[in-house]
Structure formats: C-alpha cells, structure tokens
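Residue numbers (the working numbering): -9 to 312. First up is the structure itself, then whatever we jot down about it.
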Amino acid sequence: MILSEFLYLFLMFFVPMFLIIIALGQLAERDKDFVHYVFAFSFIGQGLWEIQIIIYSTKAFPDLYGFAVWLIPFSYVVTPLLFIRYVWIFSVEYRFYRRHIFLFIPSVMALFFCLFVIFVSGEFSLNHFEALPFLSKSFYSLPLISRLFLINILLSKIYLFGLMLFMLYKFYKISRYSTTVRLSRVFNVGYIFAILIATMTAICIFGDLFSMSVVRGSVLVANVFICAVYVVSRRHPSYNRMLKIEIEKVSYVNSYIKGLDSDRVIANLYSLMREEKAFADEDISLKKLADELDITTHQLSQILNEKIKKNFNTFINEFRVE
C-alpha cells in the first residue's frame, strides 16, 4: 500500500473511529443516565454507519463486504438515534416518548431481511457483494439479492435525509426568535452544521445513484464538518446551555397563555367548580369549560398542565370525589 493510499484511508476511517472512542468514553463515566446512553450509542451508530459507507464505496477491503452487509440494520438505528439527539438538543428537557419507538421499526425490518437472505434463502454470498451506482448499466448485472442490499443502504440515507429536513424546519422556527446578536450567532452556527449534514447526506445519495467517487468525497467532507463541530463544542462548552435558554424563550413566545391573566382564569375556574358545581355536569368537557371561562381549549389545557399541574380528567375527578 503506497503512502498516498494509506493517508487517504486514514482520513476516511479516522473520524468514525474517533466517534466510537468518544462514545466509549461517555459509557465509561461513572455518573450517567439514560440520556448519556442515547448520546453514546448515537455516536457509535454514526461511526459504524460511516465505516459501512467507506467499506463499500472505496472497495479497499473486499473481505469486509460481509461486515458492511451486517451493518445495514445499524444504519437504520443510527437515524432515529441522531433524530432523538437533535430533538433533545432543541427541547427544554430530555424526554423519551413512546412514539419514538416507531422510528426503530425500519431497523427491525432490515435486520429480519438480512437474516432471511443470509440464513434462509441461500442465494447470497458475501464474498461476491459489490457496490455499484444504481443508474449504471453494471448495477443490473448484479445478483438480485445484492441489489436489494444496496437498496436497503440507500433507503437508510433517504430516511436520515427526511428526518434532517424536519429538524431543519424546527431549527428554523426556533432561530427566528433569537433575541440577541450573540444568540443569533449561536443559532447560525448550529443551523449551518445541520444544513451541512443534510447536504452531505443528499450528496451521498446522489453518489449512490451516479458515482461512488461522489460518495467517497461526501464522506471526506462530512469528516471535516464533524471535526469542526467537535472543535466548536470544545471551544464553546456552554453552547447547549445557551441553546436551552433560547428555546425556553421561544416556548414563552409561542405560549397560548402569553398575555393572559392566568391567576384570574384560575380563580374563575375554581369558582365554577366550587360554587356552580360545574363538575357535576355529566357532559362536562374541556371545550365546554373553556367556553364558560371565555378562553380557548388550548389555553385552558396549558393552564391546567403548567399552572395547576393536572390534566383535565384528574382535575374534574378530584372535585367529584370531594
């Protein structure tokens, strides 16, 4: 192996291996919770995903094609993990919702597909796996199973690109409310990096369709961006804290009860419950009660959740028990 080729492969593999090392460092910490595990495994998944792309696009290690195939399910795991990581970055608190579980369904499907092809069909040999551009004539000369594997790899990138577009939209909504020049710059840095990730994913998809050299180029550029993100995070360790502060401000701007006299509404609400026995009405509903208070259902719901710390049913039932 000549020196230039060695340096080329070193630059390709350095960042994904570095991501895995960072993740292992997080897992080695003594005081960690669920959030640390999600962040750590998202870094591991991101590193393995890059390794998969490097293996099939460079063709430097044909013996590792089988490893690239086995990484297909993991490529679908890293997408929801990255998405959840970004959701948490753009949220006031870290919360895992049940609906997030559905994001991992493609990974389970990809795993069953790999198991079926390799252990059941008997029609595929890992030693003959080769990655070719989808729109090249040579692609259609590949065995059907090989083409299906490559399609799975492409779909995982499209999956990530779609979720990244959603995150860009959310980031844009938050950045519009930046109140200071300094915080605007903080948002601009994060927004630019998010755009670059989505752009590199789109370029990688383009490369899968037309040219593997484009895929390799996108990996190298993505590695530069990842290193830049790491350097910025080390130079500005308070970035996430500043982001949280601004998100809280945005939450206030978008609040349904901004400018509403919440104390007066709460006083009227308790008056309806205690004096007029509104809870005794069998047809009582959130909308009906909101109409009585001359506010919207969204405003009443937010007052119950944030001011009284109860949902509608719990609030009503407590009066009925009394």
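Backbone N, C-alpha and C define an ideal beta-carbon position, used for all residues, glycine too. All figures in this text were calculated on a predicted structure; none of them were measured in a lab.
Neighbourhood of residue i by C-beta distance below 7 angstroms, restricted to the same chain and skipping five residues each side
| i | result |
| --- | --- |
| VAL171 | Note that VAL171 scores a pLDDT of 46, beneath 50, so its modelled location is shaky and nothing firm can be said. |
| TYR76 | MET157 |
| ALA121 | TYR46, SER47, LEU140, MET202 |
| ILE185 | LEU158 |
Residues near residue i in its chain [Cβ-Cβ closer than 6 angstroms; skip 5 each side]
| i | result |
| --- | --- |
| PHE183 | VAL219 |
| VAL68 | GLY35, GLN36, TRP39 |
| MET263 | PHE269, PHE309 |
| CYS217 | none |
| GLU(-5) | none |
| PRO6 | GLY37, GLU40, ILE41 |
| LEU144 | ASP198 |
| LEU54 | ILE45 |
C-beta atoms of residue i and residue j nearer than 7 angstroms
| i | j | result |
| --- | --- | --- |
| LEU101 | LEU199 | no |
| TYR130 | PRO96 | no |
| SER261 | ILE293 | no |
| ILE195 | LYS127 | no |
| PHE33 | ILE12 | yes |
| ASN258 | LEU283 | yes |
Whole-angstrom distance between residue j and residue i, CA atom to CA atom
| i | j | result |
| --- | --- | --- |
| ALA192 | PHE151 | 7 angstroms |
| ASN142 | ASN303 | 45 angstroms |
| SER136 | LEU17 | 36 angstroms |
| ILE10 | VAL255 | 53 angstroms |
| GLU19 | PHE64 | 24 angstroms |
| LEU72 | GLN42 | 17 angstroms |
| VAL222 | PHE215 | 10 angstroms |
| GLU266 | LEU279 | 12 angstroms |
| LEU317 | PHE94 | Nothing about residue 317 can be reported from this structure: the residues present for the chain run from -9 to 312 only. |
| ILE285 | TYR181 | 36 angstroms |
| PHE4 | ILE44 | 11 angstroms |
| LYS22 | LEU14 | 12 angstroms |
| PRO70 | LYS299 | 31 angstroms |
| ALA30 | PHE106 | 30 angstroms |
| PRO133 | PHE8 | 35 angstroms |
| MET99 | PHE92 | 12 angstroms |
| THR189 | ASP271 | 56 angstroms |
| ARG224 | VAL311 | 55 angstroms |
| TYR149 | TYR162 | 20 angstroms |
8 angstroms Cβ shell around residue i - same chain, five flanking residues per side excluded
| i | result |
| --- | --- |
| ILE274 | ALA268, ILE306 |
| GLY207 | ILE193, GLY197 |
| LEU1 | LEU210, ASN213 |
| ILE187 | MET154, ALA212, PHE215 |
| ASN295 | ASN301 |
Cβ-Cβ separation, residue j to residue i (assumed contact under 8 angstroms), whole Å
| i | j | result |
| --- | --- | --- |
| PHE109 | PHE24 | 33 angstroms between Cβ atoms; not a contact. |
| ALA50 | LEU(-1) | 6 angstroms |
| ILE74 | VAL28 | 6 angstroms |
Chain B within 7 angstroms of residue i, Cβ atoms only
| i | result |
| --- | --- |
| PRO96 | In the structure shown, chain B cannot be found, because there is only a single protein chain. |
Taking only runs of the alpha helix (DSSP H) that begin and end inside the region 47 to 110, which ones reach a length of at least 4 residues, in chain order?
-> Assignment of alpha helix (DSSP H) within the region 47 to 110, counting only whole runs of 4 or more residues, yields 55 to 60, 62 to 79, 95 to 105 in chain order.
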